[in-house]
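In this note's numbering, the protein residues as written are 44 to 300.
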Amino acid sequence: MFIDSHTHLDLTLKQTSFNLSELLPDSLDFVIQISLSPFDFIENQSLFSGQKNIYYATGIYPDNTTQADFNEKIWLNTLREILLSFPHVALGEAGIDFKYEKYGSREAQESLFRGQLILAEELNLPLIIHSRETFEECFEILKEFPKIKVLIHCFSYGPREAEKLLENGHYLSFSGNLTFKNAATIREAAMLCPPDRIFFETDCPYLTPEPFRGQPNIPANVALVYQKFAEMHKLELSDLIWQIRQNAETFFGIKAK
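#1: Taking V265 as part of the alpha helix (DSSP H), name the residues at either end of that continuous run.
#2: Short check: CB of V268 to CB of F243, under 8 Å?
#3: Cβ of E292 less than 8 Å from any chain C Cβ?
#4: Can you give me the start and stop residues for the alpha helix (DSSP H) that A20 sits inside?
#5: Exposed or buried, what is I172 when buried is set at 16 or more other beta-carbons lying within 10 Å of its beta-carbon?
#6: For a quick check, are the C-beta atoms of Q110 and A137 less than 8 Å apart?
#7: May I ask you to report which of helix, strand or coil DSSP gives Q258?
#8: Compute the Euclidean distance between the alpha carbons of A232 and D239, then round it to the nearest angstrom.
#9: I'd like to confirm something about G135: is its beta-carbon nearer than 7 Å to some heavy atom of the ligand ADP, or not?
#10: Where does C197 sit, in a helix, a strand or coil, going by DSSP?
#11: Excluding the 5 residues preceding and the 5 following G147 in the sequence, name in chain order all residues of the same chain whose CB lies nearer than 7 Å to its CB.
#12: What are the partner residues of H49, as DSSP defines its beta bridges?
#13: Only counting runs of 3 or more residues, tell me where the beta strand (DSSP E) segments fall wholly within the segment 129-187, in order along the chain.
#14: Under three-state DSSP, which class holds Q286?
#15: May I have the straight-line CA-CA distance separating M44 from T59, to the nearest angstrom?
#16: For F84 and P130, I'd like the C-alpha separation in whole angstroms.
#17: Is L79 helix, strand or coil when you go by DSSP?
#18: Do I297 and V132 count as a contact pair if the criterion is CB distance below 8 Å?
#19: What did DSSP end up calling T108 once you bin it into helix, strand or coil?
#20: Look at the alpha carbon of R203 and the alpha carbon of G93, and state the distance between them as a whole number of angstroms.
#21: How is the beta strand (DSSP E) around S64 delimited, first residue to last?
#22: CB F141 to CB T177, shorter than 8 Å?
#23: Which same chain residues end up closer than 6 Å to L280 when comparing Cβ atoms and leaving out the 5 residues on each side of it in sequence?
#24: Put I103 into one of helix, strand or coil per three-state DSSP.
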């Protein structure tokens with residue numbers, strides 16, 4: 044059975060005609076549902092209450108720094124309360140993004156990122172990182188927190204960056220972009236990754252893998268990312284499935300049923 048390490052089921056339900064049962068087929072062992080703010084988590088926890096194959100991670104996405112009501116101290120305190128009050132397997136996604144101006148200033152993003160790293164360290168939670176066009180900025184800050192287990196969500200860099208992350212003990216998660224025709228650099232990076240240091244994800248409803256690119260993404264499509272990596276590394280798919288389940292136990296503390 045497959046694991047989808049990064050989903051936005053709430054957004055998928057809002058943006059598509061799928062229902063929840065269609066998003067959680069029997070082919071999936073479990074998914075990790077990401078909330079982009081503690082306030083989103085409150086809605087999501089209510090929406091998905093009682094679902095045994097959904098685990099939670101909550102963070103403060105970098106573009107929240109531009110919200111009119113954003114106050115870093117208040118939001119971090121609210122996040123802390125959420126993480127202490129409800130079961131979570133990780134904090135995240137958190138990070139820095141320079142691709143769009145709407146994500147806010149460098150200073151605001153870096154301050155929020157550091158605040159979440161401090162919180163992850165305090166609560167002994169793994170951290171799921173969002174990093175887009177900000178490798179050096181994120182990497183340098185991460186070096187200040189060597190005790191935190193780190194997963195780079197939707198890895199979109201190249202082999203040099205992958206090597207540096209792996210050398211520092213971090214995990215990499217590959218999404219549908221691993222299958223894209225123009226993603227040779229990402230595939231070069233994936234070839235450097237040992238199976239015991241990776242995860243696969245959909246980031247649904249985004250980044251739909253080939254051959255369904257252009258359609259809304261759903262968790263079942265994570266199988267296509269598994270298959271691509273197995274093909275590249277000449278691995279048996281069953282062996283890769285087993286290894287990712289071991290990784291989930293090591294990194295998230297989730298023992299597959």
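All C-beta atoms, glycine included, are put in the ideal place defined by N, C-alpha and C.
Let's see:
#1: For the purposes of this step, residue 265 is taken as the residue at position 222 of the sequence shown. Unbroken alpha helix (DSSP H) run through V265: 265-276.
#2: In the sequence shown, counting from the first residue as 1, residue 268 sits at position 225. In the sequence shown, counting from the first residue as 1, residue 243 sits at position 200. Yes. Within cutoff.
#3: Protein chain content of the structure displayed is limited to a single chain, and chain C is not contained in it.
#4: An answer regarding residue 20 cannot be provided, because it is not within the stretch 44 to 300 covered by the chain.
#5: One-based indexing of the sequence shown puts residue 172 at position 129. Counting Cβ neighbours within 10 Å, I172 comes out buried, since at least 16 surround it.
#6: As a working note, residue 110 is residue 67 in the sequence shown. As a working note, residue 137 is residue 94 in the sequence shown. Going by C-beta atoms, Q110 is not nearer than 8 Å to A137.
#7: Here residue 258 refers to the residue found at position 215 of the sequence shown. Of the three classes helix, strand and coil, the one that applies to Q258 here is coil, per DSSP.
#8: Translated into positions along the sequence shown, residue 232 becomes position 189. Translated into positions along the sequence shown, residue 239 becomes position 196. The straight-line gap from Cα to Cα measures roughly 15 Å.
#9: The model depicted lacks the ligand ADP and carries no ligand whatsoever.
#10: Indexing the sequence shown from 1 puts residue 197 at position 154. Three-state DSSP puts C197 in coil, outside helix and strand.
#11: Here residue 147 corresponds to residue number 104 of the sequence shown, with the count starting at 1. Counting only Cβ-Cβ distances below 7 Å, and skipping sequence neighbours, we find P105, D106, T108, T109.
#12: Counting from one through the sequence shown, the residue named residue 49 turns up at place 6. Note: H49 sits in no beta bridge, so no partner.
#13: 133-140, 170-175
#14: Working through the sequence shown from its first residue, we reach residue 286 at position 243. The answer is helix: DSSP assigns Q286 an H, G or I state.
#15: One-based indexing of the sequence shown puts residue 44 at position 1. One-based indexing of the sequence shown puts residue 59 at position 16. In a straight line, the C-alpha of M44 is about 24 Å away from that of T59.
#16: On the sequence shown, residue 84 is found 41 positions in, with the first residue counted as 1. On the sequence shown, residue 130 is found 87 positions in, with the first residue counted as 1. Those two C-alpha atoms are separated by around 12 Å.
#17: What you label residue 79 is simply residue 36 of the sequence shown in a count that begins at 1. Looking at L79 - three-state DSSP - the assignment turns out to be coil, as it is neither helix nor strand.
#18: The residue you call residue 132 lines up with position 89 of the sequence shown. The residue you call residue 297 lines up with position 254 of the sequence shown. Yes.
#19: For the purposes of this step, residue 108 is taken as residue 65 along the sequence shown, with counting starting at 1. Helix.
#20: Walking along the sequence shown from the start, residue 203 turns up at place 160. Walking along the sequence shown from the start, residue 93 turns up at place 50. About 42 Å.
#21: For this step, residue 64 is matched to residue 21 along the sequence shown. Where S64 is concerned, there is no enclosing beta strand (DSSP E), although the alpha helix (DSSP H) it sits in stretches over 63-66.
#22: By one-based count along the sequence shown, residue 141 stands at place 98. By one-based count along the sequence shown, residue 177 stands at place 134. Going by C-beta atoms, F141 is nearer than 8 Å to T177.
#23: What you label residue 280 is simply residue 237 of the sequence shown in a count that begins at 1. Answer for L280: A273, listed in chain order.
#24: The residue labelled residue 103 in the question sits at position 60 within the sequence shown. Correct three-state label for I103: coil.
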